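**Student:** Under my numbering, the first residue of the sequence shown is numbered 368, with each subsequent residue one higher.
Glycine is no exception: its CB is placed at the ideal position from the N, C-alpha and C atoms.
Keep in mind that this is a model prediction, so the values were computed, not measured.
Here you go, one structure.
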Amino acid sequence: MTIEAIKAVREDTTREPMRSTAARQREALESVCAGLRPGEPLPDQLEIVVGGSNNHPGNFVLRPGIDDAPIGLVTTPGKSAAMATDLTLETEIPKMFGRLPRRGDTLSGAFVEDIRAAGFDVLFAPTPHNPFHVRIVAKTHMFDAAGREALALAFDRIVRQR
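This is the structure in C-alpha cells:
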C-alpha cells in the first residue's frame, strides 16, 4: 500500500461520523427530490421516516407553536417527517435532528401511499437545515384520537438505538 493510499484510508475512517453521510445524503437528495417543489404532495412510492415508535398515536399530537408554524410555502399544520434515504439511524437521525443517534432513538417509516390510505397527505417542506423535510397534513382524517391511531398504524418500526 502506498503512503497516499494509507492516508486516504486514515482520513476516511477518522473523519467526523456526521460528515461521512453527507455524500450519501447529497446523492439521495438529487434522486429523491428531482422535480419536487416545496408545498407539493410527494409521490406515493416514496418512503418517509419519523422519530418515535409506530404504535404510539401520541407521537402524532400536534404541538401548538411548532406543528402549526409555516414552513416556507406549507402553511397547513401537521407533523414533521423526512424523506427516507437509507433507513439507518446513522443517516436519518442527523438529517432530521442535526445530531448523532442517542440511546432510545427509534426510527419508523411508512410509504406515502399508506399515509394517504390512513386519511393524511405528505407535502414537501424543505428547510435550510433539512432539505428532505416533509409535513404530514390532515386530508380526510384529522389529528384527533381516531386520526392519530390510523396514522400510527401506517408506520412500521425500523430500528431502535440501544
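1) Identify every run of the beta strand (DSSP E) within the segment 469–505, keeping only runs that are complete inside it and at least 3 residues long; order them along the chain.
2) Look at the alpha carbon of Ala448 and the alpha carbon of Val428, and state the distance between them as a whole number of angstroms.
3) According to DSSP, simplified to helix, strand and coil, what is Asn421?
4) Helix, strand or coil: how does DSSP classify Gly406 here?
5) Mapping the DSSP letters down to three states, classify Ile460 as helix, strand or coil.
6) Using only the alpha-carbon positions, how far apart do Gly603 and Pro437 sit?
7) Quick one: residues in its chain with C-beta nearer than 7 Å to the C-beta of Met509, no 5 flanking neighbours on either side, listed in chain order?
**Tutor:** On the basis of the supplied data:
1) 473–478, 487–491 and 500–505
2) 13 Å
3) The predicted position of Asn421 is uncertain, since its pLDDT is 49 and thus under 50; no value can be drawn from it.
4) coil
5) helix
6) Since the first residue of the chain shown is 368 and the last is 529, residue 603 is not available in this structure.
7) none
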